[in-house]
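Taken in order, these protein sequences are the chains called A and B.
At position 38 of the first sequence the residue is numbered 38 (the numbering used here), and the sequence of numbers has no breaks.
Just add 1000 to the spot in the second sequence (first one is 1) and you have the numbering used here.
Since the structure comes first, as structure tokens, the remarks are kept for the end.
Number of protein chains: 2
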Amino acid sequence: METWDALSARRNVRQYRPDPIAERDLDRIVEAGWRAPSASNRQHRDFVVVTDRDQLRKLSTVWRGAQHIAGAAAAIALVVPDSDDEHTRLVDQFDLGQATFAILLAAADLGIGTGHSSVGEQDNARAILGVPPGHTVSYLIGVGYPADRPLRPTAKPDRRPFEEVVHRGHWRSS
Amino acid sequence: METWDALSARRNVRQYRPDPIAERDLDRIVEAGWRAPSASNRQHRDFVVVTDRDQLRKLSTVWRGAQHIAGAAAAIALVVPDSDDEHTRLVDQFDLGQATFAILLAAADLGIGTGHSSVGEQDNARAILGVPPGHTVSYLIGVGYPADRPLRPTAKPDRRPFEEVVHRGHWRSS
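Structure follows, in structure tokens:
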């Protein structure tokens, strides 16, 4: 798919068809996250890819916004090392956001939908995935073919007006 | 360009040809950031697009890692509202990372290079851009055609080994 089509077709998908994702496609989606840049290329991130239905069901209980994971073809858990320093935590989250968007876009390019979830019950999430202490499971991304309708470019996403968000040269008071 | 080509051709570009970026292209690059998702669609972000050479030179002084901005065809400043709550700050940085990667990728799709910078001198950055109190200029993204060589897909980016970063089902001890 053309890049702009993928950028404008990506949307939040939380209901999935039961079809599995081909392993090659899932690897490519995660590879996009692996390729994403990070501050000083420090790569404070690991990805755990889950396709087992029982494990997906368990993961769906770690946050009220994770219920869609139960019906996803796969989930990608984003794991960061803990840090005592707030600046490190902030930059790590920025970098995790970069990797996440790369994942969402690589999926959209293949016609595959994605939906984020935070993680509330951290101990539970770590236990389900076998993640050792000293790491946080920051987000889960549900992955699957959309149940409702295929991904298609949308002209008008639900966003604040473009000319309000984008300032030219200097901040424009609204 | 095909999405996967853009994903694998994107790289950190800090030296730029003097050629300007067409306004249409610059708008499309920022539009990608505007389209990016955010927690509960709250969109805690504004973008200030700078193309004035004098302003770019001034911006290049706000951090030791911002020197490349002086020679960029344009810069996009990412602005977030301040918050007293650390969780809000962390999620806002994650969302800013998502918008940033969308910007980097839309640029790569057009053969245009990008390079991030943090912002050290916050008061200075705000003054140069006219950003009001209560907001932080989190990052600058330099934008321009690469001076060294065109963007081309790379097979082996400089990253930790894929099989070390990507875990299957459960965390694998390394």
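Don't be surprised by glycine CBs; every beta carbon is placed ideally from N, CA and C.
A quick note: this is a predicted structure, and the numbers were derived from the prediction, not measured.
| Check | Outcome |
| --- | --- |
| Pick from A:Gln-93, A:Ala-36, A:Ala-32, A:Ala-75 that is closest to A:Tyr-145, judged by C-alpha positions | A:Ala-75 |
| DSSP state of B:Ile-1076 mapped onto helix, strand, coil | strand |
| Min CB distance A:Gly-97 to chain B below 7 Å | yes |
| Where A:Arg-45 falls, given that 16 or more other Cβ within 10 Å makes a residue buried | buried |
| Below-7 Å beta-carbon distance, A:Gly-130 vs any chain B residue | yes |
| Run of the beta strand (DSSP E) containing A:Leu-105, from where it starts to where it stops | Premise fails: A:Leu-105 lies in the alpha helix (DSSP H), 86 to 109, not in any beta strand (DSSP E). |
| Inter-stretch contact at 8 Å, needing at least 3 Cβ pairs: the segment 27 to 34 of chain A / the segment 100 to 109 of chain A | yes |
| 7 Å Cβ cutoff met for A:Gly-97 and B:Gln-1043 | no |
| Bridge partners - B:Tyr-1139, DSSP secondary structure assignment | B:Leu-1078, B:Ser-1118 |
| Closer than 7 Å at the beta carbon, the chain A residues around B:Gly-1111 | Residues of chain A passing the Cβ test: none, with the nearest at roughly 11 Å. |
| Inter-stretch contact (C-beta, 8 Å, three-pair minimum) for the segment 1078 to 1092 of chain B and the segment 146 to 165 of chain A | no |
| Residue of A:Thr-136, A:Gln-15, A:Tyr-16 minimising C-alpha distance to A:Asp-84 | A:Thr-136 |
| Residue nearest to B:Gln-1015 in terms of C-alpha spacing, selected from B:Thr-1003, B:Leu-1151, B:Lys-1058, B:Ile-1029 | B:Leu-1151 |
| Alpha-carbon spacing of A:Asp-25 relative to A:His-116, whole angstroms | 19 Å |
| Same chain only: Cβ atoms within 8 Å of B:Glu-1061, ignoring 5 sequence neighbours per side | Looking at the sequence provided, one finds Thr at residue 1061 of chain B rather than Glu. Excluding residues within five positions, the ones whose Cβ falls inside 8 Å are Glu-1121, Asn-1124. |
| Chain A contacts made by the segment 1152 to 1170 of chain B, where a contact means CB separation under 7 Å | Pro-1157, Asp-1158, Arg-1159, Arg-1160, Phe-1162, Val-1165, Val-1166, His-1167, Arg-1168, Gly-1169, His-1170 |
| Contacts around B:Val-1049, its chain only, beta-carbon distance under 7 Å, and the 5 residues preceding and following it disregarded | Leu-1026, Val-1030, Ala-1074, Ile-1076 |
| Contacts of B:Thr-1061 in chain A (Cβ-Cβ under 8 Å) | Neighbours of B:Thr-1061 on chain A: none; closest Cβ ~17 Å, over 8 Å. |
| Nearest-angstrom Cα separation, counted from A:Ala-72 out to A:Arg-17 | 8 Å |
| Chain B contact residues for A:Ala-73, given Cβ-Cβ distances below 8 Å | Correct list: empty, because the minimum Cβ distance to chain B is about 14 Å. |
| Pairwise C-alpha distance: A:Ala-106 and A:Gly-113 | 10 Å |
| A:Ser-138, buried or exposed, once every other Cβ within 10 Å from all chains shown has been counted against 16 | buried |
| Beta-carbon contacts of B:Leu-1078 that lie in its chain and below 6 Å, excluding the five residues immediately before and after | Leu-1096, Ser-1138, Tyr-1139 |
| Beta-carbon separation (whole angstroms), B:Gly-1130 vs A:Trp-171, contact threshold 8 Å | 4 Å |
| Backbone CA spacing between A:His-68 and A:Gly-142 [nearest angstrom] | 7 Å |
| 7 Å Cβ cut-off: residues of chain A touching B:Ala-1032 | Leu-7 |
| Proximity of B:Thr-1003 and A:Thr-3 at Cβ, strictly below 7 Å | yes |
| Other residues of its chain near A:Ala-9: CB distance less than 8 Å, five sequence neighbours each side excluded | Met-1, Ala-108, Leu-151, Arg-152, Pro-153, Thr-154 |
| Within-7 Å CB hit, B:Asp-1046 to chain A | yes |
| Span separating the alpha-carbon of B:Phe-1047 from that of B:Ser-1040 | 19 Å |
| Own chain residues within Cβ distance below 6 Å of A:Leu-110, not counting five before or after | Asp-25 |
| Buried versus exposed, by CB contacts within 10 Å (16 or more), A:Arg-126 | buried |
| Test: B:Thr-1114 CB closer than 7 Å to a CB of chain A | no |
| Spatial distance of B:Pro-1081 from B:Leu-1056 (CA atoms) | 23 Å |
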